[in-house]
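> Before anything else, here's the structure in question.
Numbering (my numbering), first residue to last: 1090 to 1488.
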């Protein structure tokens, strides 16, 4: 008999994927260049030349079994050493290879982190707005994801609601900064207050409350924005990183878990990740990609286009009367819809070939997300469609 919980999930497909599929189909009708697709967070800038050159060099010079064979269960030792050294130099935290576990992107890293610190029935808290896939990521481990309602004025943490929900059943708190979908970066003040709260509650409850920091957008931070390293403020932090956005490599599925060296039993936790991978089949990410990224840890793709796009869209949204918090990073912006029902709002936008994602599943009904990881030329052309949409459908906006 088929497992019912997975059959039930078929009726709850990702709205992001559905809209992306709609955009693709519409593109076949009118040309995809005429569809202003803000649905999917797929990096639009090329990978760094240094990464491509390194891949070519590896293929030309290294034995095939080294490039295409299984890596050790914790990841290639030299790669883990390089990542630890990079993190130590950058953030002043004394990581070694024994604190690094190679994973299949941030999703793979999170899959290990959740299983490291929760048993079935335990709770993990996260903060709205949040990436909707956190629900299956957590709930299918047997733990329970609970969502702290948002502070819609700033999209920093709603600490009053957080403290009410931070009960003894909570074993971990999951943060995502820079944030998908809001684009907001948690300030140093926010991170310090979060760390102080977790320390106090850990002592009160007599068990560690772990902080799991999901950081695929860490490198996409805009000029002048305060973007602290979460792990510097709380010892019991598990960093989950992906190279998908920094190097424009989402299809390569490469990232890592980095356990704060000050975390209790840090080295044991990394070895536990190796055992967790045996149970979930999420092990041994591609050897050649591990080797290639280890040589470009101080490089990124040209991420400046995202700030350019953000400013163009933000300025137009404000001009048209939208309420929107200016992003500090990522390639997302998160305005309030011009009517209470964001789904209805986004459906109307389709008539103008604008693909906007309603945010009900992000824990913030009434808002919508735009993923502006598209060509700047296309962003500029989309602004006319956005203006026509608003002035036709919502003539009193901003008045």
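Glycine included, each C-beta is placed from N, C-alpha and C at the ideal position.
With respect to the alpha helix (DSSP H) encompassing residue 1377, which residues constitute its N-terminal and C-terminal limits?
Residue range 1376-1383 is occupied by the alpha helix (DSSP H) that includes residue 1377.
> Since I believe residue 1237 is in contact with residue 1216 (beta carbons under 8 Å), could you give me their beta-carbon distance rounded to a whole number of angstroms?
5 Å
> In the DSSP assignment, what are the bridge partners of residue 1328?
Residue 1328 pairs with 1302, 1347.
> Who are the Cβ neighbours of residue 1465 in its own chain at under 8 Å, not counting the five residues just before and after it?
1394, 1397, 1398, 1401
> Assuming residue 1205 contacts residue 1328 under a Cβ cut-off of 8 Å, what Cβ separation, rounded to an integer in Å, is found between them?
Their Cβ separation, rounded to whole angstroms, is 12 Å, which puts residue 1205 and residue 1328 out of contact at 8 Å.
> Out of 1317, 1434, 1283, 1265, state which residue places its alpha-carbon closest to the alpha-carbon of residue 1180.
1317
> Assess contact between the region 1343-1363 and the region 1183-1193, defined as three or more Cβ pairs (one per stretch) separated by less than 8 Å. Is contact present?
yes
> I'd like to confirm the pairing. Which residues does DSSP put opposite residue 1447 in its beta bridges?
In DSSP, residue 1447 forms a bridge with 1457.
> Please report the distance separating the alpha-carbon of residue 1117 from that of residue 1109.
13 Å
> Kindly indicate which three-state DSSP category residue 1406 falls into: helix, strand or coil?
Here residue 1406 sits in helix by DSSP.
> Can you tell me which of the three DSSP states residue 1212 falls into?
strand
> Buried or exposed for residue 1471, please, with buried defined as at least 16 other CB atoms from any protein chain shown within 10 angstroms of its CB.
buried
> Reducing DSSP to helix, strand and coil, say where residue 1294 ends up.
helix
> Using the three-state DSSP reduction, which class does residue 1390 fall into: helix, strand or coil?
coil
> Is there contact here, the region 1291-1307 with the region 1257-1275, by at least three beta-carbon pairs under 8 Å?
yes
> For the beta strand (DSSP E) containing residue 1273, list its first residue and its last residue.
Here residue 1273 belongs to no beta strand (DSSP E), and DSSP marks it neither H nor E.
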